[in-house]
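Engineer:
In the working numbering, the protein residues as written are -12 to 526.
Here it is as structure tokens:
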């Protein structure tokens, strides 16, 4: 396995893993991670860790359900958090996911006998759209799925009990991590196993015999994934009975942008990380290198060079994954932001389909590829550094708050100059994880996560939620009264020093502006204790 994690040269290996390390290092320069939904999953993991104690009060409010397909991240973080702080445990699991994905791509390229340096073309999308949105269960599942493909390839080329067994085990782990990744794994494994099985059957065999042998060999390699598929089906059948509406979005189900937008804005759908769009520029540079390689191969064919590359590029997974990207809607089975998650897989398929550069261009192309990988790593690290500068005040406010309370957040401009998405939307969940308290708009209301509210334990839902709209906050509504600690990111037009306090109070609490108690203030971030306010506001 060690041989699968190195490039052809020591220098190339060092540069590749240096680029990966730069991407991962970005996770450790910030106090808060620039991933939208991540704090929600971190807080749920902390609740799961606390529930391991039968006497913990959380057992009266929450219930654990590990028979789900959104649970692997929470389980891993909860177990690691027994020996390290919860936030470090979360970072370690994400870092493991990224390092594991980089390793899986390189191992897959080497198993398929493609140029190992081509794996570096994947680095610009290692910190992907999905991670930027904080879909950490899915991110972890994609790593498991990529390693499953490594063993699918090994089993298709040379079936062994170890390879076939690894496919089954990794498939089940992928199913436990995220159902969408399991679906993608099945599509990619089908294409990969069929193409490799076809290539390994003797071309001299009669066509019907060759087709049968191809199907049988591909089935041996990919059929163990049926265990994970059965698991997902059983989870779905159980959860559908709990709440059929969970899998529906009547207004948006099946909606998607036109195909030309999916193609034109592929870079945005694939990464969509930074306001300056440098992540997209670097990704398009990697795609340009792939196109350059194909153009050189086309020129050789046109010039009559009939020599064939051995082994040839892998094409079927790229075709299937690209088709899936264009065919999948934005909203599917009641879940949003679906087809952009497939863009990372389209790039992986393109990496496997990239022809080998001719000898005359190989050295220059390899320098470009490794340079692009390093640029991607530096870009992520620099933006995470900027994000830390912008958001460390928010972390300081949380540090100042008392533990074990119930908190909400009222956020103006949840995005930052570094990251374009609303990475601060779920700021209150950071309080819950760090201070072991409760938080508003908790994902425990969803049945698919392993930590869920018990029936009747969830506070009454507000008529006008403020999770995505700070202006809608009503301090006297019953939902707000259940979360008296209020963490605020004030509008940027308000003063950041002490002179802004009266304005923040008036903006949020109106007639109760002088009643609430200031707990902390750092820059644009404030925290107030609203304990004791009346609950006669809008429900």
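C-beta: ideal position from N, C-alpha, C; glycine also.
Drop a sphere of 10 angstroms on the beta-carbon of residue 460, count the other beta-carbons inside from all chains shown, and report buried for 16 or more, exposed for fewer.
Structural biologist: The residue is buried, with at least 16 neighbouring Cβ atoms inside 10 Å.
Engineer: List the whole-angstrom C-beta distance separating residue 373 from residue 405, where the pair is believed to meet the contact cut-off of C-beta under 8 Å.
Structural biologist: Confirmed, Cβ separation roughly 4 Å.
Engineer: In angstroms, rounded to a whole number, what distance separates the CA positions of residue 24 and residue 289?
Structural biologist: Cα-Cα distance, rounded: 50 Å.
Engineer: Run the CB neighbour count on residue 266, radius 10 Å, all protein chains shown included, and call it buried at 16 or more, exposed below.
Structural biologist: Result: buried.
Engineer: Helix, strand or coil: how does DSSP classify residue 323 here?
Structural biologist: Three-state result, residue 323: coil.
Engineer: Which residue from 153, 472, 4, 27 puts its Cα closest to that of residue 416?
Structural biologist: The shortest Cα separation from residue 416 among 153, 472, 4, 27 belongs to 27.
Engineer: Would DSSP call residue 94 helix, strand or coil?
Structural biologist: DSSP places residue 94 in helix when its eight states are reduced to three.
Engineer: By alpha-carbon positions, which one of 500, 424, 398, 469 ends up nearest to residue 475?
Structural biologist: Ranking 500, 424, 398, 469 by Cα distance to residue 475 puts 398 first.
Engineer: Quick one: grab the DSSP three-state call for residue 509.
Structural biologist: Strand, per DSSP.
Engineer: Quickly, what does DSSP pair residue 476 with across the bridge? List them, please.
Structural biologist: DSSP, once it has assigned bridges, lists 398, 512 as partnering residue 476.
Engineer: Output yes or no for whether 8 Å exceeds the beta carbon distance between residue 273 and residue 108.
Structural biologist: Against a cut-off of 8 Å, the Cβ pair of residue 108 and residue 273 comes out as a contact.
Engineer: Please classify residue 220: is it buried, with 16 or more other beta-carbons within 10 angstroms of its beta-carbon, or exposed?
Structural biologist: Residue 220 is exposed by the Cβ-count criterion.
Engineer: At the level of alpha carbons, what is the spacing between residue 193 and residue 143?
Structural biologist: Cα-Cα distance, rounded: 20 Å.
Engineer: Could I get the ranges of all uninterrupted beta strand (DSSP E) runs contained in the segment 29 to 73, with 3 residues as the minimum, in chain order?
Structural biologist: The qualifying runs are 49 to 51.
Engineer: Based on the DSSP output, what are the partners of residue 438 in its beta bridges?
Structural biologist: Answer is 51, bridged to residue 438.
Engineer: Going by alpha carbons, who is nearest to residue 287 out of 260, 347, 54, 276?
Structural biologist: Selected option, being the one with the closest Cα: 347.
Engineer: Compute the distance between the beta-carbons of residue -4 and residue 116, then report whether it is under 8 Å.
Structural biologist: Not a contact, by the Cβ cut-off of 8 Å.
Engineer: Tell me, please, which residues DSSP counts as bridged to residue 425.
Structural biologist: Residue 425 is bridged to 393.
Engineer: How many angstroms separate the CA atom of residue 466 from the CA atom of residue 525?
Structural biologist: So the alpha carbons of these two residues sit roughly 9 Å apart.
Engineer: What is the DSSP secondary structure of residue 504, counted as helix, strand or coil?
Structural biologist: Three-state DSSP puts residue 504 in a strand.
Engineer: Could you name the residues of the same chain whose beta carbon sits closer than 6 Å to that of residue 337, not counting the 5 residues immediately before and after it, in chain order?
Structural biologist: Cβ within range, chain order: 277, 305.
Engineer: So who's on the other strand from residue 256, going by DSSP bridges?
Structural biologist: BP columns for residue 256 are empty, so no partner.
Engineer: For residue 406, which residues does DSSP report across the bridge?
Structural biologist: According to DSSP, which records beta bridges pairwise, residue 406 is partnered with 261.
Engineer: If you draw a straight line from the alpha carbon of residue 407 to that of residue 10, how long is it in whole angstroms?
Structural biologist: Spanning the two alpha carbons is a distance of roughly 18 Å.
Engineer: Is the CB-CB distance between residue 123 and residue 54 below 8 Å?
Structural biologist: The answer is no: Cβ separation not under 8 Å.
Engineer: Give the DSSP-derived three-state secondary structure of residue 523 in the structure shown.
Structural biologist: It is coil, neither helix nor strand.
Engineer: Measuring straight from C-alpha to C-alpha, what distance separates residue 453 and residue 473?
Structural biologist: So the alpha carbons of these two residues sit roughly 12 Å apart.
Engineer: Around the Cβ of residue 422, are there at least 16 other Cβ atoms within 10 angstroms (buried) or fewer (exposed)?
Structural biologist: Residue 422 comes out buried.
Engineer: Are the beta-carbon atoms belonging to residue 104 and residue 254 less than 8 Å from one another?
Structural biologist: Contact: no.
Engineer: Should residue 21 be labelled buried (16 or more other beta-carbon atoms within 10 Å of its own) or exposed?
Structural biologist: Buried.
Engineer: Alpha carbon to alpha carbon, how far is residue 332 from residue 307?
Structural biologist: Going by the C-alpha atoms only, they are around 10 Å apart.
Engineer: Could you tell me the boundaries of the alpha helix (DSSP H) in which residue 249 lies?
Structural biologist: Residue 249 -> alpha helix (DSSP H) spans 246 to 251.
Engineer: Please go through the same chain and pick out, in chain order, the residues whose beta-carbon is closer than 8 Å to the beta-carbon of residue 323, but skip the five residues on each side of it.
Structural biologist: Once the five neighbours on either side are set aside, the close Cβ partners of residue 323 are 236, 239, 317.
Engineer: Under 7 Å Cβ to Cβ from residue 157, same chain only, skipping five residues before and after it: list those, please.
Structural biologist: So the list reads 131, 134, 135, 138, once near-sequence residues are dropped.
Engineer: With distances taken Cα to Cα, identify the nearest neighbour of residue 218 among 229, 520, 481, 169.
Structural biologist: Ranking 229, 520, 481, 169 by Cα distance to residue 218 puts 169 first.
Engineer: Mark residue 377 as exposed unless 16 or more other C-beta atoms lie within 10 angstroms of its C-beta, in which case mark it buried.
Structural biologist: Under this definition residue 377 is a buried residue.
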